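Residue numbers for the sequence shown follow the UniProt record's numbering, so the first one is 10 and each next one is one higher.
Glycine included, C-beta positions come from ideal geometry on N, C-alpha and C.
The structure displayed is predicted, hence computed values, not measured ones.
Written out below as C-alpha cells is the structure these notes cover.
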Amino acid sequence: RNREARLNRQPQAPLRQSLKFDQLPEYQRVLTQRKVGEVIGVDNPFYRSHDVAAGATTVMAGRNFANFASYDYLGTNTDPKVTSRAKEAIDRYGISASASRLVAGERPVHTELEATLAEVYGVEAAVCFVSGYLTNVAAISCIVGPQDLVVHDEFIHNSALAGIKQSGATRRLFRHNDVDNLETVLKTLSSEFRRVLVIVEGVYSMDGDIADLPRLLELRSRYGFWLMVDEAHALGVLGKTGRGTFEHFDVDPQEVDIWMGTLSKTTSSCGGYIAGSQALADILKAEAGGFVYSVGLAPVLAAAAKAGLDILRSEPERTEKLHRNGALFLQEARKAGLDTGLSVGFSVVPVLVGDSLRAVQLSNELLEDGVNALPIIHPAVPEGQARLRFFITCNHTDDQIRHAVEATARRLKALQERNFGLASLNM
Ligand code: PMP
10 RNREARLNRQ PQAPLRQSLK FDQLPEYQRV LTQRKVGEVI GVDNPFYRSH DVAAGATTVM
70 AGRNFANFAS YDYLGTNTDP KVTSRAKEAI DRYGISASAS RLVAGERPVH TELEATLAEV
130 YGVEAAVCFV SGYLTNVAAI SCIVGPQDLV VHDEFIHNSA LAGIKQSGAT RRLFRHNDVD
190 NLETVLKTLS SEFRRVLVIV EGVYSMDGDI ADLPRLLELR SRYGFWLMVD EAHALGVLGK
250 TGRGTFEHFD VDPQEVDIWM GTLSKTTSSC GGYIAGSQAL ADILKAEAGG FVYSVGLAPV
310 LAAAAKAGLD ILRSEPERTE KLHRNGALFL QEARKAGLDT GLSVGFSVVP VLVGDSLRAV
370 QLSNELLEDG VNALPIIHPA VPEGQARLRF FITCNHTDDQ IRHAVEATAR RLKALQERNF
430 GLASLNM
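This is the structure in C-alpha cells:
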C-alpha cells in the first residue's frame, strides 16, 4: 500500500523543463528549416520517393533519371546472381537471424561471408555487424577506452566519431589527409596513453580523395599506433581488382591493424565488417556490445553480400569500368569548369557550389534535366562548402555522365548569375 501511495503522490515542484517534444529547440529548428524552404519556394531535396531499385538509373513519379545518388558501385543490387542467392537464403533460413548469433546461432552464410571477406583482404578473419554505422561504433568503443587516445582525420565519418565518443577515449584530430600534421599531434601526445588508435578512410566519403596509406604505415612503424582504415567507399573501387586501398598502393594488407567496411555499398546489401587478425575478430565477437547484444546479420543480407563479393572477385571488369567512369566524370567536370574539390575520380565526385541553398536549388533544378544528384549541406560539411555529391557506378553510360556534367555546369552558371543579380540589387 505504501508503494501505491508513493505512486499516487503529486509531484512537489513543477518540472523544470517541458517534456513535450514539440517544445524543444531542436523541433523549432526543424520547423524553421521547413518554413524557410516554403517561403523561398525551394522543395526539400531529401527523401525523394523512387519507384524502382537503387542503381545507375531510377524512376520517380513515372519519369526516368540518371541516378548519381546510390552506392551501387559495381551494379550488384539488381544482378540476378545476387537476387537469386538472396531468394534461396530466404527460402532456406527465413528473414531474420532472430536473435544475437550467440543465442540464435549462426547460419552457414555468416561464416561463408566472413571467410570470403578475410580472403578478399588477405587477412586472418572478419566479423560482420548489422550495419556499417554500428560496426564503427561497436568496434571502436570495444578496443579503446578512457585511458586511450584516438587520433583521426578531421573528415572521418560520423559513425567513427560516435564510436570514439562512446569509448571515452581522448580524441584529437589532424588536418585532412595531412600525415605531417598527424605526426605533429602524435609527437606531443602519444606517450601519456595506454593505446593509440589512428583512424582514416580509404576513400573519403564527402571529398573522394584517398588516404596516403604508405606514409601512414611508415609513421606507424615509428610511433607504434594501431591503424584503422574505413573502406566504405574503397572496396570494389580502388585497386585493379577492387580489393581497396591496399591494392591501390600495393601494400601488404596485414600491415593495417583494422580494416573496416560496409556491406551496403559495393556489395549492395546491409551490414558492416571488421577484417584483421583472428584475435581481433575473436575479441569483437566476445566483447563488442553491438555484436553480442544485437541481432545477427539477417541470413538473406549475408547471402546477398557474399554474392556481391563473388562478383567483385570474378568480374574485375566492373571495377575497371568504374575507374573509367570516374575518370570520365572528373575529366568532363574539370573541362566544364566545375570545382570537384579534392576528388581523384573514383566512387565519389563532389561538385562544390558554395552555400547550402544554392546546392539545394541546383539539385532540384537538375531534376528538370533528368539527373538525380543530392546536395550535401551544412552541418555535414562546413557552410560555404556545400556541394552536390555524385556517386559513380560501373553501370553509368558515357552519355549519362556527359549529360549530367553539362547540365550541372549550365544550371550552376545560371544560378550564380541569378544570385549575383540579386546581390547587386541589395547593394
Ligand atoms: N563509414 C563511411 C565512410 C560511410 O560513408 C558510411 C555510410 N555512408 C558508413 C561508414 C556507415 O555505413 P552504413 O551506411 O552501411 O551503415
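Open item on the list: Do L351 and G248 count as a contact pair if the criterion is CB distance below 8 Å?
Closed with: no
Open item on the list: Run through the DSSP bridge pairs and tell me what C137 is partnered with.
Closed with: Y282
Open item on the list: So, for G335: in the same chain, excluding its five sequence neighbours on each side, which residues have a beta-carbon less than 6 Å away from its beta-carbon?
Closed with: G354, F355, I401
Task: Cβ-heavy atom distance, S278 to the ligand PMP, below 7 Å - done: no
Task: Other residues of its chain near R180: CB distance less than 6 Å, five sequence neighbours each side excluded - done: V159, I173
Open item on the list: I need the straight-line Cα distance from H332 to E115, nearest angstrom please.
Closed with: 37 Å
Open item on the list: So, under 8 Å CB-CB, F255 and L222 are touching, yes? Tell me the CB distance rounded to an integer number of Å.
Closed with: 7 Å
TODO: Taking only the alpha-carbon atoms, compute the straight-line gap between V301 and L143 and give it to the nearest angstrom.
DONE: 12 Å
TODO: Taking only heavy atoms of the ligand PMP into account, decide whether any of them is closer than 7 Å to the Cβ of E210.
DONE: yes
Task: Segments assigned alpha helix (DSSP H), at least 4 residues, entirely inside the segment 39-95 - done: none
Task: Cα-Cα separation, R411 to Y213 - done: 24 Å
TODO: Please state whether DSSP places Q425 in a helix, a strand or coil.
DONE: helix
Task: Simplified DSSP assignment, three categories, for R398 - done: strand
TODO: Could you check if L434 is buried or exposed, using at least 16 other CB atoms within 10 Å of its CB as the buried criterion?
DONE: With a pLDDT of 43 at L434, under the threshold of 50, the modelled position of that residue is not reliable, and the figure given next carries that caveat. The residue is exposed, with fewer than 16 neighbouring Cβ atoms inside 10 Å.
TODO: Indicate, with yes or no, if the ligand PMP has a heavy atom lying under 7 Å from the CB of S214.
DONE: yes
- [ ] Label V265 either buried or exposed according to how many other C-beta atoms from any shown protein chain fall within 10 Å of its C-beta, with 16 as the threshold for buried.
- [x] buried
TODO: Could you say if the segment 37-53 and the segment 341-349 meet the contact criterion of at least three C-beta pairs nearer than 8 Å?
DONE: no
Task: Cβ neighbours of V194 in the same chain (closer than 7 Å, five flanking residues each side left out) - done: V160, R181, F183
- [ ] Work out the CA separation of R252 and V129 for me, nearest whole Å.
- [x] 6 Å
Open item on the list: Looking only at its chain, what residues have a beta carbon closer than 6 Å to the beta carbon of M436, apart from the 5 residues adjacent to it on each side?
Closed with: Because M436 carries a pLDDT of 37, less than 50, the predicted location of this residue cannot be relied on, and no value is offered for it.
TODO: Please classify I386: is it buried, with 16 or more other beta-carbons within 10 angstroms of its beta-carbon, or exposed?
DONE: buried
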